[in-house]
Amino acid sequence: MSTRSLAVWSASGLVIALSTSNPVYRVVVLLCALNLLLARGRRGSGARILLTGIGIAGLIATLLTLLLSHTGRHVLVRLPAGIPAIGGPLTLEALAFGLATGLGIAAALLAVAPLTLVSQPHELVDALPSPLARTGAALGAALNLIPGTLRSAAEIREAQRMRGWRARRVADWPAVAVPVVLTAIEGSMTLAEAMESRAYGTSARTHFSIQRWAPYDTLVSVTALLGVAGFLALVATGGAPGWFPFPALSAPAISVPALLCCALLVVPSLRVWH
Amino acid sequence: MPTLSFARLHYTYPEAASRALDGVDLEIDFGLTLLTGASGSGKSTLLRVCNGLIPHFHGGVIGGSARVLDRDVIRTPTRELARDVGFVFQDPELQAVYPSVERDVAFGLENLGVARGEMLRRVGDALEMCGIVHLRSRAVGTLSGGERQRLALAGVLAMRPRLLVLDEPLSQLDPEGSAALLGALHAAVQGGTMALVAEHRHHLVLERADRCLLMAGGRVTPCAPDGPVQPAPARASQDAPASSELSWRLHQVTAGPAGVAVLHDLDLAGGTGEVVALTGANGSGKTTLLRTIAGLLPPLAGSVERRPGRIAYLPQNPSALLHRATVRTEIDWTLRRTHAAGRADAMLEEMGLAAVAERDPRDLSSGQRQRVALAAVLAGDPSLVLLDEPTRGMDDAARTALTAALARVAERGGSAVLATHDPQLVAAAATRVVDLGDGVARVRRPLVEAVR
């Protein structure tokens, strides 16, 4: 699957997730994205860390909405009014809206996650259009520094421990933080020197690897674009209603055409499962 | 017109008090040129002028004339000079731009706008020249230091430079890696490329070099007719004190990073007064063994014993330690943290750092930094000294100082283990050589055999 068709797919999923407040459509986008990650995700790409992060982000959004929005008819619990900001009634409606918000954040993040978890960073860089090729190469090189910096942080901690360093208080941390930062800066400088020394920025770049575009990529892109275009049209004409649980909780309305538009995002993972 | 022509060239780094290059007159036209000299003498600075990193990248004050391949270096940006001047840096870990071998070799060609068909041919040729065709699909992160250095050379050779500049290319390589890199370099020179190589392990380059230059005090002079002086081993193996007490012991140890065993069922011990040298190819497990002895890497199986006392550990990257504002305070920090007696002055003197005691360690040359890191870990009389490639980028004088420091540790009843590719250090300092390979250790005696 071409990185460019994957980018079209991700952009479509992101637009759908952000253009509706209806949790049903967000769930469909989220499931399609999860399905794609399970079907095509690279091993060792850090999917578990990302999913944990997305889960935490969703949870924080839910909690914040629950604690800060004191409207709704069904009161779950009352916090003392004297507590700044969060004091007052915590309602079922606020909880539901918080969950929908968390779901929206998770769906949006998961929609773009395949760009890094399915593609390699350099494939992403290669997929950029020519005017962005130089910036892309610099970005790719910068991404390449991250694993090295993490390794050097571990090495520095070890080395300082052997010199008697112990993390007892804040004042102890510069012994590790300073070399980590300086080593990262020096690493960046050396990399910049190495890039300059290999003619980076001389002329229009060519590409070693070719982004192949197969008929399947056309299918993925066309279905994703049809899905997002159809969904936006339905939203604009009131055919894909949003959802607002205040003042009293109600079930979200479901439009079958809108659901079908969202479901078109499942196409990239169908081939693998098949 | 010479390929490289410097006249009355002088250069001062930004905010530096003295000149790093001080009136360099040099003309080179062909072949392989070896550049030697002490750490901090200006070798890396001179090399960086060749492709314009100095002054364009580093700034500073430059004067005189510097022409490379008939172009004025002072007026031509590095990226333009890079079409004809290839540069390989000392640290191979920081040069890779892309995460896969093939892609990284192609990076320079992409920048030059070479068509894809031609690019494929050139990448293949460069990989073959450097003997790393079998690595073409590998991730750069999985390569050993030696393989990475050859990758860096391949990336430069693919661009078909007319002048090749290499800064300490052998400093991290095992004998096999060194031979392969020198072979590739020799092939490039035979093909008409001119090469300028700065290298402390000059004996490896000298036999293939067309000329030898000595750098001292920012100036260049021809070497003596018989080349740079080889230091005599400072300490013969027979002089080693007999081991009396166990310092460390590995019992049936299986060890490796991230749960992957690199060493298997190892039984090995070291006594007080002993200096053990660990040798073996890049990736043979020397660093793993050092970290296991240090207690930084728990063994996957078996047990490790250590005599009580402070352990000094020098990692491969000396920058990992340096965080204080001056060389002196860096040493003081260890003394304070380990509650050790003694003063920094003695260590500064012993490691030849008295002249740079008040300078920021990170402003020093890589060889000097290595010495500062050594001084920082050796301060305070450790009972067990574990050093990972301690002579990386070091000149002969610094190696001699290190040998003396290790002898002092041994005489005081301490012990040391060195992971090294440096046969001169092994000859000078080690009382026993342990050769690692295929996950097992072979203890070799006599020492002379191991060095040979």
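Chains as they are written, first to last, in the working numbering: chain A, 131 to 404; chain B, 100 to 551. A virtual CB, placed ideally from N, CA and C, is assigned to each residue, including glycine.
Taking CB atoms only, A:P261 has no neighbour in chain B less than 8 Å away. Counting along the chain, B:T320 sits inside the beta strand (DSSP E) bounded by residues 318 to 321. A:E323 sits in a helix when the DSSP states are folded into three classes. Residue state for A:R291 is assigned as helix, using DSSP reduced to three classes. The shortest C-alpha to C-alpha distance from B:S164 to any of B:M218, B:G441, B:H109, B:L211 is the one to B:H109.
Secondary structure in the region 104 to 190 of chain B: the alpha helix (DSSP H) runs of 4 residues or longer, each lying completely within the stretch, are 142 to 149, 152 to 155, 177 to 180 in chain order. Put simply, the CB of B:L269 is far from chain A, with every gap to its CB atoms at 8 Å or more. Per DSSP, the unbroken beta strand (DSSP E) holding A:R208 starts and ends at 205 to 209.
Beta-bridge annotation (DSSP): B:C311 is paired with B:L133. Collapsing the DSSP output to three states places A:W139 in a helix.
For A:H252, the secondary structure class from DSSP, reduced to helix, strand or coil, is helix. In this structure, the beta-carbon distance from A:R208 to A:G218 falls below 8 Å. Burial of A:W139 is indicated by the presence of at least 16 other C-beta atoms within 10 angstroms of its C-beta. Of all residues in the region 195 to 210 of chain B, only A195, V196, Y197, P198, S199, E201, R202, A205, F206, G207, L208, E209, N210 place a beta-carbon less than 8 Å from a beta-carbon of chain A. Put simply, of A:C162, A:P153, A:S151 the residue whose alpha carbon is nearest the alpha carbon of A:A354 is A:C162. In terms of beta-carbon proximity, A:T320 lines the interface with chain B, with at least one pair separated by less than 8 Å. Boundaries of the beta strand (DSSP E) harbouring B:H363: 362 to 370, taken from the DSSP string. Within the region 315 to 341 of chain A, the residues whose Cβ lies closer than 8 Å to some Cβ of chain B are E316, G317, T320, L321, A322, E323, A324, M325, E326, S327, R328, A329, Y330, G331, T332, S333, A334, R335, T336, H337, F338, S339, I340, listed in chain order. In the pairwise beta carbon analysis, the region 235 to 249 of chain B is classified as not touching the region 448 to 465 of chain B: fewer than three pairs are separated by under 8 Å. For A:P244, the enclosing alpha helix (DSSP H) starts and ends at 244 to 247. Between A:H252 and B:Y112, the beta carbon gap of about 35 Å keeps them out of contact (Cβ cut-off 8 Å). Restricting attention to alpha helix (DSSP H) runs no shorter than 4 residues, the region 432 to 473 of chain B encloses them at 443 to 449, ordered along the chain. Look at B:A475: its C-beta is under 8 Å from a C-beta on chain A. When the five nearest sequence neighbours on each side are left out, the beta carbons in the same chain lying within less than 7 Å of the beta carbon of A:V154 are those of P382, I384, in order along the chain. Along the region 293 to 314 of chain A, the positions whose C-beta sits under 7 Å from a C-beta of chain B are R293, G294, W295, P304, A305, V308, P309, L312, T313, read in chain order. In the structure shown, A:I146 adopts helical secondary structure according to DSSP, grouped into three states. Bridge partners of B:S199 according to DSSP: B:A238. 8 Å or more divides the Cβ of B:D273 from the Cβ of B:G317. Shown here, B:M293 sits in a strand according to DSSP, grouped into three states. Within the model, the alpha-carbon separation for A:V306 versus A:L395 is close to 46 Å. Interface annotation, B:I410: in contact with chain A, CB-CB separation under 8 Å. Residue burial annotation: B:S346 is buried, with at least 16 other C-beta atoms found within 10 angstroms of its C-beta.
A Cβ-Cβ separation of about 13 Å leaves B:S138 out of contact with B:D266 under the 8 Å criterion.
At a cut-off of 8 Å, the C-beta of A:G171 has no neighbouring C-beta in chain B.
For A:I286, the residues of chain B that pass the 7 Å Cβ criterion are A419, in the order they occur in the chain.
In this structure, B:A411 keeps its C-beta atom at 8 Å or more from the C-beta atom of A:M325.
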